[in-house]
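Structure first, commentary second.
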Amino acid sequence: MDKLIIRGGQRLVGTIPVSGAKNSALTLIPCALLTEEPVTLRNLPRLADIDGFQHLMNQFGVTTAIQGTRPEDFGRTMRLEATRITSSVAPYDLVRKMRASILVLGPMLARAGEATVSMPGGCAIGNRPIDLHLKALEALGAEIELAQGYVKAMQPDGGMPGGDFDFPVVSVGATENAVMAAVLANGTSRLFNAAREPEIVDLCNLLTAMGAEIEGIGTSDLTIHGVKRLHGATYRVMADRIEAGSYACAAAITGGDVRLEGAKADEMQATIHALRSIGVHVDEDAKGIRIAANGALRPADLTTAPYPGLATDMQAQLMALLCKADGTSVLKETIFENRFMHVPELARMGADVTANGRTAVVKGVDTLTGAEVMATDLRASMSLIIAALAAQGESQVRRIYHLDRGYERLEEKLKLVGADIERVGDD
Ligand code: UD1
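Numbering-wise (our numbering), the sequence shown opens with residue 2 and increments by one.
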């Protein structure tokens, strides 16, 4: 298993290209199930989770072809063709490794009339139930059975009628599943209190390009008029706002000056606002954003919330940055319980953070010191990298397979801006 060795203290300067968004890609890929015509997705990040999802699609009989496999390319193009669905079962082994597999439930139900998906187990950042996915699909007319660790969803005779659902809690994944199930329903569906993350907008834009009829895109009330069939499309995956925000924190903690090429400022305003409140200079233009910091960081009180609030996926990285602020910060996590697993690892590097329930108090320190640390989940791992970039001496980050799930060629990108980082085989 690989580990990363980082010698901190280098000021990051230069340009980092921002990849296609992982979370968007994971909901765009299953859209290929909704049509027998080819769907071509451009700007897909090269990530273990994308490979896993491709594998899952192959399991359903979808043929996939990848272009852009030169090692020097960032991003790839995948052509998916679901001429015939040969299986509607997502087995335990695949779902266990990749929780986002649950996103095949809606489109498979719509296209094949039934879907059987292994229930995703517990997860490091809370137990992450799927009850809202199932309730939303039921509201659209699906019949749901749970047996032997699997969810089986079936259309009633005559197909999915469509229906209304008011989400009691904003859920990105459940909204995505409901939208993908509703586009081919016989009637109109209305989703209230739907998630409106930019990734949901990306999903609705692809579906519209495939012939779907969706009103209210970008708002929390979506109206979806079912259509008889969808056709193929070619679509470019949006920029990864969380990757961009992560590198913004890395640049800021080193007092650096980094341009994030391709970042879309309007999709990451809450993160930009947080960075500015910490004293980081952020310039926005149509082609990217520039982060400049002079080393002095102010404390801040930050609370995560559904979009357009501050993304929970940015909480760990901003915490790492605040570890070096001049004063005490308070971070509140409102989306997931148990999302402070980076706290004890940051403490190994000299950070002063106390987590209690959903609140963490971060007392800024003058110096972080290199240490051996263990990555726990994707964004927590990134917070350790950010802290290590500013720490005195060498850090070793183990279990970096978490990072490979979400950051396309992390160490290459950081090297582009002068970081001292290398990947070595673990012993
Ligand atoms: C997605 C993102 C993840 C991000 C999260 C919140 C992907 C692949 N993952 O995850 O990176 O951190 O949105 O922005 O896009 N909930 C229920 N029942 C459900 C579903 C969710 O109670 O059926 C709860 C969750 O436990 C959580 C909250 O709703 O407390 C929000 O979760 P949700 O938005 O569904 O997250 P994911 O779609 O799993």
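The C-beta atom is built at its ideal place from N, Cα and C for all residues, glycine as well.
How long is the line joining the alpha carbons of residue 123 and residue 90, rounded to whole angstroms? The residue you call residue 123 lines up with position 122 of the sequence shown. The residue you call residue 90 lines up with position 89 of the sequence shown. In this prediction, residue 123 has a pLDDT of 48, which is less than 50 and means its spatial position is unreliable; what the coordinates show is noted afterwards. Taking the straight line from one Cα to the other gives about 20 Å.
Just to confirm the assignment: which complete alpha helix (DSSP H) runs, minimum length 4, are found wholly within the stretch 46 to 119? 49 to 60, 93 to 98, 106 to 113
DSSP three-state assignment for residue 295, whether helix, strand or coil: Counting from 1 along the sequence shown, the entry for residue 295 is found at position 294. Looking at residue 295 - three-state DSSP - the assignment turns out to be coil, as it is neither helix nor strand.
Completely contained beta strand (DSSP E) runs for the stretch 249 to 317, where each covers 3 or more residues: Counting only unbroken stretches of 3 or more residues, the beta strand (DSSP E) elements lying wholly within the stretch 249 to 317 are 258 to 262, 282 to 286, 289 to 293, 302 to 304, in sequence order.
For a quick check, are the C-beta atoms of residue 260 and residue 280 less than 7 Å apart? Along the sequence shown, read from residue 1 onward, the residue named residue 260 stands at position 259. Along the sequence shown, read from residue 1 onward, the residue named residue 280 stands at position 279. Going by C-beta atoms, residue 260 is not nearer than 7 Å to residue 280.
Less than 7 Å between the beta carbons of residue 398 and residue 385, yes or no? For the purposes of this step, residue 398 is identified with residue 397 of the sequence shown, where counting begins at 1. For the purposes of this step, residue 385 is identified with residue 384 of the sequence shown, where counting begins at 1. Against a cut-off of 7 Å, the Cβ pair of residue 385 and residue 398 comes out as a contact.
For residue 171, the three-state DSSP class (helix, strand or coil): Start at 1 with the first residue of the sequence shown, and residue 171 comes out as number 170. DSSP places residue 171 in coil when its eight states are reduced to three.
Throw me the rounded Cβ distance for the residue 419 and residue 68 pair, which I believe falls under 8 Å. One-based indexing of the sequence shown puts residue 419 at position 418. One-based indexing of the sequence shown puts residue 68 at position 67. The pair is not a contact, with the Cβ atoms about 32 Å apart (cut-off 8 Å).
Whole angstroms are fine: how far does the CA of residue 165 sit from the CA of residue 58? Counting from 1 along the sequence shown, the entry for residue 58 is found at position 57. Counting from 1 along the sequence shown, the entry for residue 165 is found at position 164. The straight-line gap from Cα to Cα measures roughly 29 Å.
Three-state secondary structure assigned by DSSP to residue 367: Stepping through the sequence shown from its first residue, residue 367 is reached at position 366. Three-state DSSP puts residue 367 in coil, outside helix and strand.
To the nearest angstrom, report how far apart residue 171 and residue 332 are at their CA atoms. For the purposes of this step, residue 171 is taken as residue 170 along the sequence shown, with counting starting at 1. For the purposes of this step, residue 332 is taken as residue 331 along the sequence shown, with counting starting at 1. Between residue 171 and residue 332, the C-alpha separation is close to 20 Å.
Contiguous alpha helix (DSSP H) assignments of at least 4 residues, all confined to the stretch 155 to 230: Whole alpha helix (DSSP H) segments, 4+ residues: 173 to 183, 199 to 210.
Counterpart residues of residue 393 in DSSP-defined beta bridges: Translated into positions along the sequence shown, residue 393 becomes position 392. DSSP lists 370 as partners of residue 393.
Would you mind giving the Cβ-Cβ distance between residue 324 and residue 208, rounded to the nearest angstrom? I have them listed as a contact below 8 Å. By one-based count along the sequence shown, residue 324 stands at place 323. By one-based count along the sequence shown, residue 208 stands at place 207. Actually they do not touch by this definition, with Cβ atoms about 41 Å apart.
Between the C-alpha atoms of residue 184 and residue 131, what's the straight-line distance to the nearest angstrom? The residue you call residue 184 lines up with position 183 of the sequence shown. The residue you call residue 131 lines up with position 130 of the sequence shown. Going from the Cα of residue 184 to the Cα of residue 131 covers about 21 Å.
Buried versus exposed, by CB contacts within 10 Å (16 or more), residue 77: On the sequence shown, position 76 is the one that residue 77 refers to. Buried is the call here.
Can you give me the Cβ contacts of residue 438 inside the same chain, cut-off strictly under 6 Å, excluding the 5 residues immediately before and after it? As displayed, the chain neither begins before 2 nor continues past 428, which places residue 438 out of reach and without an answer.
Could you check whether the Cβ of residue 340 sits closer than 6 Å to any heavy atom belonging to the ligand UD1? The count along the sequence shown starts at 1 and reaches residue 340 at position 339. No; taking the cut-off as 6 Å, the Cβ of residue 340 has no heavy atom of the ligand UD1 nearer than that.
Return the first residue and the last residue of the beta strand (DSSP E) that residue 355 is part of. Numbered from 1 along the sequence shown, position 354 holds the residue referred to as residue 355. Element bounds for residue 355: 353 to 357.
Cβ of residue 133 versus every heavy atom of the ligand NAP: is any distance shorter than 6 Å? This structure lacks the ligand NAP; the ligands present are the ligand UD1.
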